[in-house]
Amino acid sequence: MFLGTLVAVPRPPATSGAVAPRSQVESAIAGLADRDFAVLQYEAERICRKYRELSPDDAGDLLQDAFQAVIEARRYWQPANVAFVPFLIGVMQSLAHNYHKHMKGSHSVNVTYEHQLPPTEDGSSTIDSIAVEGHASAEETVSDLQELALVEAGISILRAQLAQHPLSLAIFDGLLDGKEKKQIREELNVEWTAFWSADRRLTRAIEAYKRSI
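Right, here's the structure in full:
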């Protein structure tokens with residue numbers, strides 16, 4: 001699938017919370033309500049609109065890729081830290097960003113997916129190397145993946161924390177889209193005092209998250 005991740009992100013340290021086993025992930029997917037699917041579909045379409053390489057028609061594939069990434073432990077869900085739906089939204093954001101990052105520009109990029117790699121002696125796939133010509137060294141690639149894992153978790157946690165504060169969440173989404181705060185306020189059409197209050201709430205949430213990691 002063209003939205004597949006390059007390699008598995010580093011497993012979180014044990015101190016950051018227990019990682020859900022495959023059985024718990026599958027149970028969580030099976031237990032999603034219609035409202036949950038509606039939220040996930042909406043967010044998938046919103047994410048796809050952000051990138052010129054994608055369209056809202058890709059939303060269903062993006063959501064299915066997110067499910068698969070978590071089931072196959074290429075993305076780690078820590079239930080004690082974040083609810084399942086916000087986590088899946090973060091995974092979709094990560095997958096779409098990853099796809100966009102490796103498609104943009106004029107550089108020639110050869111991507112080797114995990115399922116395309118030769119098997120090891122025990123039958124598993126090796127992910128010791130990926131070929132990205134003219135793009136980054138192995139050290140830079142690992143660093144990018146580690147940063148991506150932190151960004152993904154941070155987005156999920158912050159979105160969950162801001163769920164009851166729609167204006168702060170709207171500012172957060174605007175910043176994720178690369179917009180300036182002035183542009184965000186104009187698009188939201190809110191008074192400066194209300195915007196400032198919501199922006200301060202967002203800032204406090206981000207600072208609290210940074211202190212927690």
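If you read the sequence shown in full-length UniProt numbering, its first letter stands for residue 1, the second for the next number, and so on. Glycine included, every Cβ here is placed at the ideal spot set by N, Cα and C.
Where Ser-55 and Ser-94 are concerned, what is the direct C-alpha to C-alpha distance, given to the nearest angstrom?
-> To locate residue 55, count along the sequence shown from 1; it is residue 55. To locate residue 94, count along the sequence shown from 1; it is residue 94. Distance between the alpha carbons of Ser-55 and Ser-94 is about 16 Å.
Under the rule that 16 or more other beta-carbon atoms within 10 Å means buried, what is Trp-77, buried or exposed?
-> As a working note, residue 77 is residue 77 in the sequence shown. Buried is the call here.
Using DSSP with H/G/I as helix, E/B as strand and the rest coil, what is Glu-180?
-> Translated into positions along the sequence shown, residue 180 becomes position 180. Three-state DSSP puts Glu-180 in coil, outside helix and strand.
Grab the span of the alpha helix (DSSP H) containing Leu-63 for me, first residue to last.
-> Start at 1 with the first residue of the sequence shown, and residue 63 comes out as number 63. Note, Leu-63: alpha helix (DSSP H), 59 to 71.
Give the range of the alpha helix (DSSP H) segment to which Tyr-42 is assigned.
-> Locating residue 42 in the sequence shown gives position 42, where the first residue counts as 1. Note, Tyr-42: alpha helix (DSSP H), 34 to 49.
What three-state label does DSSP hand Gln-93 in the structure shown?
-> Indexing the sequence shown from 1 puts residue 93 at position 93. In this structure, Gln-93 counts as helix in the three-state DSSP scheme.
Starting from Ser-23, follow the alpha helix (DSSP H) in both directions and report where the run begins and ends.
-> Translated into the one-based positions of the sequence shown, residue 23 becomes position 23. 22 to 30 is the span of the alpha helix (DSSP H), which, as asked, contains Ser-23.
Excluding sequence positions up to five away, which residues of its chain have a Cβ less than 6 Å from the Cβ of Asp-58?
-> Working through the sequence shown from its first residue, we reach residue 58 at position 58. Taken in chain order, the residues that qualify are Cys-48.
Validate contact between the segment 198 to 207 and the segment 162 to 173 using beta carbons, cut 8 Å, 3 pairs = yes
CA-to-CA distance, Tyr-42 to Met-92, given in whole angstroms = The count along the sequence shown starts at 1 and reaches residue 92 at position 92. The count along the sequence shown starts at 1 and reaches residue 42 at position 42. Computed Cα separation, rounded: 12 Å.
Which residue from Val-19, Ala-96 and Gly-60 puts its Cα closest to that of Ala-38?
-> For this step, residue 38 is matched to residue 38 along the sequence shown. Ala-38 has its Cα closest to that of Gly-60, out of Val-19, Ala-96 and Gly-60.
Taking the CB atoms as reference points, tell me whether Ile-89 and Val-25 lie closer together than 8 Å.
-> Mapped onto the sequence shown, residue 89 falls at position 89. Mapped onto the sequence shown, residue 25 falls at position 25. It is not a contact, given that the beta carbons lie outside the stated cut-off.
Please name the residue in Ala-208, Asn-98, Leu-167 and Val-85 whose C-alpha comes closest to that of Ser-197.
-> Within the sequence shown, the letter at position 197 stands for residue 197. The candidate whose alpha carbon is nearest that of Ser-197 is Leu-167.
What is the DSSP secondary structure of Glu-207, reduced to helix, strand or coil?
-> Residue 207 sits at position 207 when you count from the first residue of the sequence shown. Glu-207 falls in the helix class under three-state DSSP.
Would DSSP call Glu-161 helix, strand or coil?
-> Within the sequence shown, numbered from 1, the residue matching residue 161 stands at position 161. In the sequence as presented, Glu is not what sits at residue 161; that position holds Gln. Of the three classes helix, strand and coil, the one that applies to Gln-161 here is helix, per DSSP.
Give a yes or no on whether the C-beta atoms belonging to Tyr-99 and Gly-154 are separated by under 8 Å.
-> Along the sequence shown, one-based indexing puts residue 99 at 99. Along the sequence shown, one-based indexing puts residue 154 at 154. It is not a contact, given that the beta carbons lie outside the stated cut-off.
Roughly how many angstroms lie between the CA atoms of Ser-27 and Ile-157, to the nearest whole one?
-> Translated into positions along the sequence shown, residue 27 becomes position 27. Translated into positions along the sequence shown, residue 157 becomes position 157. Approximately 21 Å, taken between the alpha carbons.
Under 8 Å between the Cβ atoms of Ala-44 and Leu-62?
-> Locating residue 44 in the sequence shown gives position 44, counting from the first residue. Locating residue 62 in the sequence shown gives position 62, counting from the first residue. Their beta carbons are under 8 Å apart, which means Ala-44 touches Leu-62 by this criterion.
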